[in-house]
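Those protein sequence lines, which keep their order, are chains L and H. FYI, in our numbering the residues of the first sequence are 366 to 474. FYI, in our numbering the residues of the second sequence are 1282 to 1395. A virtual CB, placed ideally from N, CA and C, is assigned to each residue, including glycine. Keep in mind that this is a model prediction, so the values were computed, not measured.
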Amino acid sequence: AQRVTQPEKLLSVFKGAPVELKCNYSYSGSPELFWYVQYSRQRLQLLLRHISRESIKGFTADLNKGETSFHLKKPFAQEEDSAMYYCALGYSSASKIIFGSGTRLSIRP
Amino acid sequence: NAGVTQTPKFRVLKTGQSMTLLCAQDMNHEYMYWYRQDPGMGLRLIHYSVGEGTTAKGEVPDGYNVSRLKKQNFLLGLESAAPSQTSVYFCASRPGTSGNYEQYFGPGTRLTVT
């Protein structure tokens, strides 16, 4: 069965420090992976998807099929990065998405 | 475009009461979804629809019913609310076109069942 694991409920780093939010998945097919972000009092929105290999707001994520991981990284954290981050796996021809339990990122000044 | 909207924003129910949550989208999207968000559990899919007149069960469908009579609307019903259904409910939609799997979310409905 498909599963998405985010091992950290809370990650707190200082402004300017590197950030890595971990995500591991379990899926027998070819995965479609996403990172969604939810800022305080805002709706969930797509941050990036592995298929587009883009960098959004300085964040990148590389799909590692050998380690079944899709970690989210940013070299220098900014205070406005504080938010809830969800890793997600698309399956069933991506008609459905399963979300991880989320990691709350807190950037300290 | 308003995107995805949800009505109401907040609601308090007593155990056993019923209610319907409305999700509307103006992007002509084929797929629509209902999720619940609980602390420490992320978002879990309740029901979804791949087109007007169709619905399917998700991960946690028990206690909920849905209908998609019009393409732009997706209704979530609770026939007899229970305290375990206290949660934040999110609706989402996405195009049916292949390769575009991004889901667009509504602002959420906070439901408390006492």
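Check whether the Cβ of residue i lies closer than 8 Å to any Cβ atom in chain L.
{"i": "Val1394(H)", "result": "no"}
{"i": "Gly1344(H)", "result": "no"}
{"i": "Leu1350(H)", "result": "no"}
{"i": "Gly1389(H)", "result": "yes"}
{"i": "Gln1353(H)", "result": "no"}
Does the distance from the CB of residue i to the CB of residue j come in under 8 Å?
{"i": "Asn389(L)", "j": "Ser434(L)", "result": "yes"}
{"i": "Leu1302(H)", "j": "Leu1356(H)", "result": "yes"}
{"i": "Pro383(L)", "j": "Pro440(L)", "result": "yes"}
{"i": "Ser1374(H)", "j": "Val1293(H)", "result": "no"}
{"i": "Lys374(L)", "j": "Gly1321(H)", "result": "yes"}
{"i": "Leu411(L)", "j": "Glu1383(H)", "result": "yes"}
{"i": "Asp1307(H)", "j": "Gln1353(H)", "result": "yes"}
{"i": "Ser466(L)", "j": "Gly1377(H)", "result": "no"}
I'd like to know whether the C-beta of residue i is nearer than 8 Å to at least one C-beta of chain C.
{"i": "Lys422(L)", "result": "Absent here is chain C; the protein component of the structure consists of chains L and H."}
Can a CB atom of chain H be found closer than 8 Å to the CB of residue i?
{"i": "Glu397(L)", "result": "yes"}
{"i": "Leu386(L)", "result": "no"}
{"i": "Lys374(L)", "result": "yes"}
{"i": "Gly431(L)", "result": "no"}
{"i": "Ser405(L)", "result": "no"}
{"i": "Gln410(L)", "result": "yes"}
{"i": "Ser393(L)", "result": "no"}
{"i": "Gly381(L)", "result": "no"}
Name the one or two DSSP bridge partners that residue i has.
{"i": "Tyr1382(H)", "result": "Per DSSP, none; premise fails for Tyr1382(H)."}
{"i": "Gln1366(H)", "result": "Gln1366(H) is not bridged to any residue."}
{"i": "Ser461(L)", "result": "The residue asked about is misnamed: residue 461(L) is Lys in this sequence, not Ser. Paired residue(s): Tyr456(L)."}
{"i": "Asn1354(H)", "result": "Ala1305(H)"}
So residue i packs on residue j, CB below 8 Å; how close in whole Å?
{"i": "Gln1287(H)", "j": "Pro1388(H)", "result": "6 Å"}
{"i": "Leu376(L)", "j": "Leu437(L)", "result": "10 Å between Cβ atoms; not a contact."}
When you compare the stretch 452-469 of chain L with the stretch 1351-1367 of chain H, are there three or more beta-carbon pairs, one atom per stretch, that lie closer than 8 Å?
no
If you pair each beta-carbon of the stretch 378-388 of chain L with each one of the stretch 1329-1345 of chain H, do three or more pairs fall below 8 Å?
no
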